[in-house]
Amino acid sequence: MKKFLLFPLLFALVASIGCKNDDEDPTLDPEYHAHIVSPNTDAKMVGDEIHIQVDFEDHNGGTVHHINVRIYSKDDGTEIYNQPTEAHVHATEGFYTFEDDFTLNVDPHTDWILEAKVWGHEDGAHEVTESIEFHVHPM
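When you read off a place in the sequence shown, starting at 1, and then add 1204, the result is the number in our numbering.
Put into structure tokens, the structure is as follows:
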């Protein structure tokens, strides 16, 4: 009789241990970072196609919830690029790579900023922004 009572108790213990939520450790706050791999800060030419690659990650291994990449004028803030259209990526493995190509159809002798932003589940939570600047020359 004792074996019949011990078996369900043991089964319940194993099931509760084995079914924990591995999505993220709730005791750790996200430690987000945006690594701008490409483009670099070298000068560009009007009409150049630039490859955009940004690696977003949570150094604590938690979910990367939201990202944004944009390019805007250093002089007046005019935005020429803003992606992805849906910022919520929900990368549970703690890492997300954003890639795209963009043609620089802009005026010569202008300065631009590429900004990469990552944040948590709630708008602005644990938000981190990284940026680079580049100059565009005439063809």
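The C-beta atom is built at its ideal place from N, Cα and C for all residues, glycine as well.
- Task: Using three-state DSSP, classify E1297 as helix, strand or coil.
- Result: The residue given as residue 1297 occupies position 93 in the sequence shown. Coil, per DSSP.
### Query
What do you get for I1261, buried or exposed, if any count of 16 or more other CB atoms within 10 angstroms of its CB means buried?
Here residue 1261 refers to the residue found at position 57 when the sequence shown is read from its first residue. First, the amino acid is wrong: residue 1261 is Glu here, not Ile. Classification for E1261: buried.
Given a threshold of 16 other Cβ atoms within 10 Å of its Cβ, counted over all protein chains shown, does F1338 qualify as buried or as exposed?
To locate residue 1338, count along the sequence shown from 1; it is residue 134. Classification for F1338: buried.
key: Reduced DSSP category for D1304 - H, G, I as helix; E, B as strand; rest coil   = Taking the first residue of the sequence shown as 1, we reach residue 1304 at position 100. Strand, per DSSP.
### Task
Rounded to whole angstroms, what's the CA-CA distance from D1226 to G1266? Just pull it up for me.
Counting from 1 along the sequence shown, the entry for residue 1226 is found at position 22. Counting from 1 along the sequence shown, the entry for residue 1266 is found at position 62. Here D1226 scores only 48 on pLDDT, less than 50, and its place in the model should not be relied on; the value that follows carries that caveat. If you take the alpha carbons of D1226 and G1266, they lie about 9 Å apart.
Checklist entry - Taking all protein chains shown into account, do 16 or more other C-beta atoms lie within 10 angstroms of the C-beta of P1312, making it buried, or fewer, making it exposed? => result Here residue 1312 is taken as the residue at index 108 of the sequence shown, counted from 1. Answer is exposed; the Cβ neighbour count stays below 16.
TODO: Would you decide whether H1270 is buried or exposed? Buried here means 16 or more other CB atoms lie within 10 Å of its CB.
DONE: Residue 1270 sits at position 66 when you count from the first residue of the sequence shown. Counting Cβ neighbours within 10 Å, H1270 comes out buried, since at least 16 surround it.
- Message: Within a Cβ cutoff of 8 Å, which residues of the same chain sit near H1341, ignoring the five residues on either side of it in sequence?
- Response: Along the sequence shown, read from residue 1 onward, the residue named residue 1341 stands at position 137. Around H1341: A1247, K1248, M1249, V1250, P1312, H1313.
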